[in-house]
Amino acid sequence: MKKAVIFDMDGTLWDSVDEIVESWNKTCPEMHIRREQLIGLMGKTMDCFAKELLSEYKLDEAMEIIHACERDENEYLSHVGAKLYGDIRKVFETLRDMGYEIGIVSNCQAGYIEVFLEYYHLGDLVADIECYGNTQQQKDANLKALIERNHYEKYYYLGDTQGDYNACRKAGVPFLFAAYGFGTVDADVPQVESLEQLPEIIKNL
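Everything in the sequence shown is counted per numbering that gives the first Met the number 0, starting at 0 for the first residue and increasing by one.
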């Protein structure tokens, strides 16, 4: 039986908010982005960023600015990385030894997950990835697509927001809450207080 643990990115594997703020403010100084503004948007699709941060622009114009910020952000992160939530390589290796493949599904832009994997040399441990930037699909659809194309029969998703939980409910994917991340979840679900706890929690499910 093929098994997988699928991860969200922001607020689950790393916190890149400070780096994004710095990068975006270099690309578009007039935005005056602050960390607290981005925290509430992390995990949402890029059109939500555009509507919230650039409401004075038409959506197509705002999206052009956001795409420029994304391109520069990917380049910036490829040089500086971000704040990891623990020893991710060790956690991935432990899950692999338990028979689970690793996947990543995020609402991020194209190239963002690849930057993370390349900077931290984790690509050898990750079986598949998907994101909104690649497909223009919502997270529930991307979760289903990744699970179906890899023929997984048992799987879990670790995320940190209500949106992650809602996507899992819609996709029929068991949800684990990364309680150390950015958000909250209004549901009775298994809580992961630190990434290092994850393998043991999965053993006991």
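We treat Cβ as the ideally placed atom computed from N, Cα and C, and that holds for glycine.
- In the three-state DSSP reduction, Y84 falls in the coil class, being neither helix nor strand.
- For Y75, the uninterrupted alpha helix (DSSP H) run begins and ends at 58 to 79, by DSSP.
- Under the DSSP assignment, I5 falls in the beta strand (DSSP E) whose first and last residues are 2 to 6.
- Between G171 and G42, the gap from beta carbon to beta carbon reaches 8 Å or more.
- The DSSP-derived three-state label of A177 is strand.
- Residue K153 holds the alpha-carbon nearest to the alpha-carbon of L204 among Y75, K153, E60.
- In this structure the stretch 138 to 147 touches the stretch 165 to 183; the number of beta carbon pairs closer than 8 Å is three or more.
- In the three-state scheme derived from DSSP, where H, G and I count as helix and E and B as strand, K153 is classed as strand.
- For S105, the uninterrupted beta strand (DSSP E) run begins and ends at 99 to 105, by DSSP.
- Taking C-beta separations shorter than 8 Å and ignoring five residues to either side along the sequence, the partners of G132 in its chain run M45, E69, C107, Q108, A109, G110, Y111, following chain order.
- Put simply, the backbone Cα of D7 is about 30 Å away from that of E29.
- Here G122 is exposed, its C-beta having fewer than 16 other C-beta atoms within 10 Å.
- Below 8 Å, too few C-beta pairs join the stretch 113 to 120 and the stretch 51 to 67 to call them touching: fewer than three.
- Within its own chain, the residues whose Cβ lies closer than 7 Å to the Cβ of Y179, once the five positions on either side in sequence are excluded, are Y84, E192, S193, listed in chain order.
- The shortest C-alpha to C-alpha distance from T93 to any of A3, I64, Y164 is the one to A3.
- Bounds of the alpha helix (DSSP H) holding D17 are 16 to 26.
- Bounds of any beta strand (DSSP E) do not take in E113; it lies within the alpha helix (DSSP H) bounded by 111 to 118.
- Taken atom to atom, the span from the alpha-carbon of I65 to that of F91 is near 32 Å.
- Each of K138, I19, A81 was checked against the Cα of N165, and the nearest Cα belongs to K138.
- With 16 or more other Cβ atoms from the protein chains shown falling within 10 Å of its own Cβ, E100 counts as buried.
- For I19 and E72, the gap between their C-alpha atoms comes out near 6 Å.
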